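Enquirer: Under our numbering, the residues of the sequence shown are numbered 8 to 641, in order.
From the three backbone atoms N, C-alpha and C, an ideal C-beta is built for every residue, glycine too.
Here the structure is a predicted model, which means the values were calculated and not measured.
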Amino acid sequence: MASVLLFIAVFGLYAPTLRNGFALDDPLVASATLPSGEPNRMTGALRPLGEYFRANYWYGNDGQRSDLYRPLTILGFALTNAITHAAWPHHAINVLWKLLAVGIAWWLLSRVVTPWPALIGAAWFGSHALHSEAVAGVVGRAELASFCAGGVATVLLLRAGFWSWFGATVALFAALCSKESAVAWVVFAPLCGCGNDLARGVACRWRRHGARALLAAVPAVGVFAALRAAAIDPDVPVLYLANPLWSAAEGTRFATGLMLWGFGIWKCVWPFAPTADYGPVTFDLAHSWSDPRVLAAAAVLLAWPSIGLAWLRRHPAVGLGAACYLGFSVWTSNVPFAIGILFAERLLFTPSLGVALVVAWALSRPRLRWIVGSLLVPWCIASAWVVLARNGAWADDRALALAEAEANPRCVRFLDKRARLHRDDGEPRFAESLWRRCLALDPDFPDARIEFALFLITQRRVREAERELLRALEVPEVRRPQRHMTRLDLSVLYERMGRNAESVAQVRQAWAEASAFDPVSEDLLVRAWRLLPPAELDAILARGERERPEHHAWPLIRAERARKRGERSNAEALYRRALRVAPRHAPARLGLGLLLRGGDEPQRGEGRRILEQLRDDPRASPFVRSQARRALGE
8 MASVLLFIAV
18 FGLYAPTLRN
28 GFALDDPLVA
38 SATLPSGEPN
48 RMTGALRPLG
58 EYFRANYWYG
68 NDGQRSDLYR
78 PLTILGFALT
88 NAITHAAWPH
98 HAINVLWKLL
108 AVGIAWWLLS
118 RVVTPWPALI
128 GAAWFGSHAL
138 HSEAVAGVVG
148 RAELASFCAG
158 GVATVLLLRA
168 GFWSWFGATV
178 ALFAALCSKE
188 SAVAWVVFAP
198 LCGCGNDLAR
208 GVACRWRRHG
218 ARALLAAVPA
228 VGVFAALRAA
238 AIDPDVPVLY
248 LANPLWSAAE
258 GTRFATGLML
268 WGFGIWKCVW
278 PFAPTADYGP
288 VTFDLAHSWS
298 DPRVLAAAAV
308 LLAWPSIGLA
318 WLRRHPAVGL
328 GAACYLGFSV
338 WTSNVPFAIG
348 ILFAERLLFT
358 PSLGVALVVA
368 WALSRPRLRW
378 IVGSLLVPWC
388 IASAWVVLAR
398 NGAWADDRAL
408 ALAEAEANPR
418 CVRFLDKRAR
428 LHRDDGEPRF
438 AESLWRRCLA
448 LDPDFPDARI
458 EFALFLITQR
468 RVREAERELL
478 RALEVPEVRR
488 PQRHMTRLDL
498 SVLYERMGRN
508 AESVAQVRQA
518 WAEASAFDPV
528 SEDLLVRAWR
538 LLPPAELDAI
548 LARGERERPE
558 HHAWPLIRAE
568 RARKRGERSN
578 AEALYRRALR
588 VAPRHAPARL
598 GLGLLLRGGD
608 EPQRGEGRRI
618 LEQLRDDPRA
628 SPFVRSQARR
638 ALGE
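(1) What residues match up with Pro46 in a beta bridge as DSSP calls it?
(2) Helix, strand or coil: which one does DSSP assign to Asn250?
(3) What span of residues does the alpha helix (DSSP H) with Gln466 cover, start to end?
(4) Measuring alpha carbon to alpha carbon, tell me which of Val190, Ala156 and Ser188 ends up nearest Ala175.
(5) By DSSP, does Thr339 sit in helix, in strand, or in coil?
(6) Taking the alpha helix (DSSP H) that Ser274 falls in, what are its first and last residues?
(7) May I have the straight-line CA-CA distance separating Ser340 from Glu554, to the nearest angstrom?
(8) Relative to the alpha-carbon of Arg616, which residue among Pro629, Phe630 and Ala638 has its alpha-carbon at the smallest distance?
(9) Quick check on Ile464: buried or exposed, where buried means 16 or more other Cβ atoms within 10 Å of its Cβ?
(10) Going straight from the alpha carbon of Ala280 to that of Gly399, what length do you get?
(11) In angstroms with no decimal places, state the Cα-to-Cα distance between Phe231 and Ser188.
(12) Using C-beta distances below 7 Å, list every residue in its chain close to Leu198, excluding the 5 sequence neighbours before and after it, in chain order.
(13) So, are the CB atoms of Gly269 and Ala233 less than 9 Å apart?
(14) What did DSSP end up calling Cys418 once you bin it into helix, strand or coil?
(15) Return helix, strand or coil for Cys211, following the three-state DSSP convention.
(16) For Ala236, count the other beta carbons within 10 Å of its own beta carbon; 16 or more makes it buried, fewer makes it exposed. Which is it?
(17) Is the beta carbon of Ala16 closer than 9 Å to that of Gly208?
(18) Between the alpha carbons of Thr121 and Trp172, how many angstroms are there, rounded?
(19) What did DSSP end up calling Pro55 once you bin it into helix, strand or coil?
(20) In its own chain, which residues sit with a C-beta less than 7 Å from the C-beta of Arg417, not counting the 5 before and 5 after it?
(21) Would DSSP call Trp114 helix, strand or coil?
(22) Apart from the five residues just before and just after Val194, which ones in its own chain have a Cβ nearer than 7 Å to its Cβ?
(23) What are the boundary residues of the alpha helix (DSSP H) that Ala143 is part of?
(24) As a quick exercise: from Trp104, Gly51 and Arg420, pick the residue whose alpha carbon is nearest that of Thr91.
(25) May I ask which residues mark the beginning and end of the alpha helix (DSSP H) holding Glu529?
(26) Would you mind sorting Gln620 into buried or exposed? The rule is 16 or more other CB atoms within 10 Å of its CB.
(27) Just the C-alpha distance for Trp377 and Leu35, rounded to the nearest angstrom, thanks.
(28) Is Met492 helix, strand or coil when you go by DSSP?
(29) Which stretch, first to last residue, makes up the alpha helix (DSSP H) that contains Pro609?
(30) Once DSSP output is grouped into helix, strand and coil, what is the label at Pro299?
(31) Does Asn63 come out as helix, strand or coil in the three-state DSSP assignment?
(32) Contact between the stretch 67-74 and the stretch 240-251: three or more CB pairs below 8 Å?
(33) Round the Cβ separation of Ala62 and Ala238 to the nearest angstrom and send it over; I've been treating them as touching at under 8 Å.
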């Protein structure tokens, strides 16, 4: 009965997320439709199974390059979207994964402690506020699925027989294809077997457990590594906004990574102020081993496994807990190598099981039971309360931006997002104050400076806007890899100020930037068409077709040029080529519809249908919809 109540309580904690939409990375990865209105290449519609194993994690977002590889996570989103494009089924699946994770945690805890402490430890794990991001954010499914698949592999490896081994191999492969850091289960699974032996008072059969884990790991890890190597781009730079350690000196990376590795233990113990993004200035980076924060973290990180080793035979749960936290979190700590993010609470989903093991052990000790139990009740209540509050914060991007700007006032990304929201809500003074606060925290944050400049243009403060854009160009390249976009904004501003020669010069300089084709800007391409000589535009298009041959922008611009010159058949072929890559692209549909309206009767009928669909498409811009209505004579 107690176990049933536990699962009901965990379900009740996260049931409110079923009302949520998509937030943060969800629209770019999990949603069937990108924010641009285009379908996600991998999750918008089901594709042949092999394509999911040949694409990186971010490929669905307009072919974005990445070194992340999670094909089963992406396939799961696509399967859900094949049934419905609504958000609630994604959230329901995450809640089910969470329930399964609690069940697996309970089983693992029961291998090394008695039943009641194991159940209470599972309740601690189930109510943990740090897990709210992994469950409430749809893309957190990578954490949930890799934990569950790795846990199933561990369960099966503790059983004898060929089919248990085979199932463990498949489960381990599934864990890796859900998230790469699941490789730690290869070591943790046999350690669980040894912990189970010691808890039962028998000799540790480490050779048996290690051999079975190795036999499962070799095919699973081998196939995964080969598939991943063929799919990813290992040379993709990491944005400074996501992880300033990626471009930092090795000493700074190691010291700061160690500090945050220790900070993760504190967050597992005290998760009552969660935040979805830490950014580059939430923490002051550690540049020396003598930093007290680094020394404190190092002391804790050394003490826990040392105690665990000393108590291994009598209290295996403590050592197993240390192995769990350290083994799973080291891959995301930035200590051995820099990863794509500085620190994220969702990355502690699996490592927090290590603390749950220590909690369950303490509850099993007669001298500690009542002390720990009396602390655990208010802890679980407070943690559950935080989870319920965070469910609402993850309702959508707007709710998250408003909540995060309050929860972490040093997170410049969400200060910038909140400023944009207040700008759109008609509160210019408050928006300006937020941008100024953001830029005071991080003067080299180019996105906020550019958005602030665009805001100043709407306030008719063009000289101030020019200064802000020029300052954005002075930002180190590691902070602003897409410099061509800043030059686009300057070109538009100079044209508005009547400085046409400078406007053209900015367009030329934009296309000379190393970043000009990543990402491709259709607005910049249109300005090149308008302002540059045909020979220069042809050179840009030819280079784009070499570097990004799959992009729809090149045939679209060629189609527009052909239509203007009266080359109807060539223009039609080019429009259709662009739409094969981006079927929902409104300007391409408008161009094709206008072209076909001037053709023969079948073409006129098709053109009318295209224009009618555009007229009624809420995702098309007001300008495109008005042009469609005008062409239809409405």
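Expert: Reading it off the structure:
(1) Numbered from its first residue, the sequence shown carries residue 46 at position 39. Pro46 pairs with Thr40.
(2) To locate residue 250, count along the sequence shown from 1; it is residue 243. Coil at Asn250, not helix or strand.
(3) For the purposes of this step, residue 466 is taken as residue 459 along the sequence shown, with counting starting at 1. Careful: Gln466 lies outside any alpha helix (DSSP H) and carries neither H nor E.
(4) As a first step, residue 175 must be located in the sequence shown, where it is residue number 168. Nearest option by C-alpha distance: Ala156.
(5) For the purposes of this step, residue 339 is taken as the residue at position 332 of the sequence shown. Here Thr339 sits in helix by DSSP.
(6) What you label residue 274 is simply residue 267 of the sequence shown in a count that begins at 1. The question names Ser, but residue 274 in the sequence shown is Lys. Note, Lys274: alpha helix (DSSP H), Glu257 to Val276.
(7) Taking the sequence shown and counting its residues from 1, one reaches residue 340 at position 333. Taking the sequence shown and counting its residues from 1, one reaches residue 554 at position 547. Those two C-alpha atoms are separated by around 34 Å.
(8) Position 609 of the sequence shown, counted from the first residue, corresponds to residue 616. For the residues Pro629, Phe630 and Ala638, the minimum Cα distance to Arg616 belongs to Ala638.
(9) Counting from 1 along the sequence shown, the entry for residue 464 is found at position 457. Under this definition Ile464 is a buried residue.
(10) Translated into the one-based positions of the sequence shown, residue 280 becomes position 273. Translated into the one-based positions of the sequence shown, residue 399 becomes position 392. Cα-Cα distance, rounded: 15 Å.
(11) Position 224 of the sequence shown holds residue 231. Position 181 of the sequence shown holds residue 188. If I take the Cα positions, the gap works out to 12 Å.
(12) For this step, residue 198 is matched to residue 191 along the sequence shown. Leu327 and Ala330.
(13) In the sequence shown, counting from the first residue as 1, residue 269 sits at position 262. In the sequence shown, counting from the first residue as 1, residue 233 sits at position 226. No. Outside cutoff.
(14) Counting from 1 along the sequence shown, the entry for residue 418 is found at position 411. Looking at Cys418 - three-state DSSP - the assignment turns out to be coil, as it is neither helix nor strand.
(15) As a first step, residue 211 is located in the sequence shown; it is residue number 204 there, counting from the start. Residue state, collapsed to three classes: coil.
(16) Position 229 of the sequence shown holds residue 236. By the 10 Å Cβ count, Ala236 comes out exposed.
(17) In the sequence shown, the residue the question calls residue 208 occupies position 201. In the sequence shown, the residue the question calls residue 16 occupies position 9. In this structure, Ala16 does not lie closer than 9 Å to Gly208 by Cβ.
(18) To locate residue 121, count along the sequence shown from 1; it is residue 114. To locate residue 172, count along the sequence shown from 1; it is residue 165. Rounded to the nearest angstrom, the two C-alpha atoms are 27 Å apart.
(19) Along the sequence shown, read from residue 1 onward, the residue named residue 55 stands at position 48. Three-state result, Pro55: coil.
(20) Your numbering for residue 417 matches position 410 in the sequence shown. Cβ neighbours of Arg417 beyond the five flanking positions: Val288, Thr289 and Leu448.
(21) As a position in the sequence shown, residue 114 is number 107, starting the count at 1. Looking at Trp114 - three-state DSSP - the assignment turns out to be helix.
(22) Position 187 of the sequence shown, counting from 1, holds the residue named residue 194. Once the five neighbours on either side are set aside, the close Cβ partners of Val194 are Gly334.
(23) As a position in the sequence shown, residue 143 is number 136, starting the count at 1. Here the alpha helix (DSSP H) through Ala143 covers Ser139 to Ala143.
(24) Within the sequence shown, the letter at position 84 stands for residue 91. The residue with the shortest Cα to Cα distance from Thr91 is Gly51.
(25) Walking along the sequence shown from the start, residue 529 turns up at place 522. Looking at the DSSP string, the run of the alpha helix (DSSP H) that includes Glu529 is Glu529 to Leu538.
(26) Within the sequence shown, the letter at position 613 stands for residue 620. Answer is exposed; the Cβ neighbour count stays below 16.
(27) Position 370 of the sequence shown, counted from the first residue, corresponds to residue 377. Position 28 of the sequence shown, counted from the first residue, corresponds to residue 35. Using only the alpha carbons, I get a separation of about 48 Å.
(28) Stepping through the sequence shown from its first residue, residue 492 is reached at position 485. In this structure, Met492 counts as helix in the three-state DSSP scheme.
(29) Position 602 of the sequence shown, counted from the first residue, corresponds to residue 609. Pro609 -> alpha helix (DSSP H) spans Glu608 to Arg622.
(30) Within the sequence shown, numbered from 1, the residue matching residue 299 stands at position 292. Of the three classes helix, strand and coil, the one that applies to Pro299 here is helix, per DSSP.
(31) For the purposes of this step, residue 63 is taken as the residue at position 56 of the sequence shown. Three-state DSSP puts Asn63 in coil, outside helix and strand.
(32) yes
(33) Against the sequence shown, residue 62 aligns to sequence position 55. Against the sequence shown, residue 238 aligns to sequence position 231. Yes, they are in contact, since the Cβ atoms of Ala62 and Ala238 sit about 6 Å apart, within 8 Å.
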